[in-house]
Amino acid sequence: TLHLRAERQSQTATQLSGWLHEATKDKSHVLFGSVHSVQHPSLGAALTVASKQMKGFGGCFALELSSEAAAKALPAALKLFRSATSLGGVESLIEWRRKWDSAISPLL
Numbered sequence: 121t122l123h124l125r126a127e128r129q130s131q132t133a134t135q136l137s138g139w140l141h142e143a144t145k146d147k148s149h150v151l152f153g154s155v156h157s158v159q160h161p162s163l164g165a166a167l168t169v170a171s172k173q174m175k176g177f178g179g180c181f182a183l184e185l186s187s188e189a190a191a192k193a194l195p196a197a198l199k200l201f202r203s204a205t206s207l208g209g210v211e212s213l214i215e216w217r218r219k220w221d222s223a224i225s226p227l228l
């Protein structure tokens with residue numbers, strides 16, 4: 121069932137990253153003003169290359185929020201995700217990268 125789970129993860133990440141990306145430009149979006157940027161192979165310039173190289177776009181994406189405080193608070197605010205660095209397990213995880221790497225954007 122691994123291939124089915126990986127396919128579903130990719131579909132979900134593609135849909136969720138697209139929805140979050142809309143918040144960067146659609147003033148009627150519920151999260152407009154909260155999301156600074158979203159990175160996923162299905163978005164923007166990466167789409168052209170990814171479409172040629174991949175069947176799906178993968179289950180991970182990067183999200184930058186509009187403030188450091190919001191980015192730091194997000195992992196604890198979610199109910200279905202745990203705050204942790206992924207080591208390749210099957211859990212749904214989220215992390216504030218700045219916690220582990222001071223060179224990373226505080227919005228990530």
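Its first residue numbered 121, the sequence shown is counted upward by one per residue in my numbering.
The C-beta atom is built at its ideal place from N, Cα and C for all residues, glycine as well.
Relative to Leu-151, the option among Leu-227, Ser-186, Lys-175 and Ala-204 whose CA is nearest is Ser-186. Per DSSP, Ala-190 lies in no beta strand (DSSP E) segment; the continuous alpha helix (DSSP H) that holds it begins and ends at 188 to 197. Only residues of its own chain outside the window of five on either side were considered, and among them Ala-133 have a CB closer than 7 Å to the CB of Cys-180, listed in chain order.
Taking the CA atoms as reference points, Leu-163 sits about 27 Å from Thr-121. In this chain, the alpha helix (DSSP H) harbouring Leu-140 covers 122 to 142.
Going by beta carbons, Glu-184 and Leu-124 fall outside the 8 Å limit. At the C-beta level, Thr-205 and Trp-216 stay beyond 8 Å of one another.
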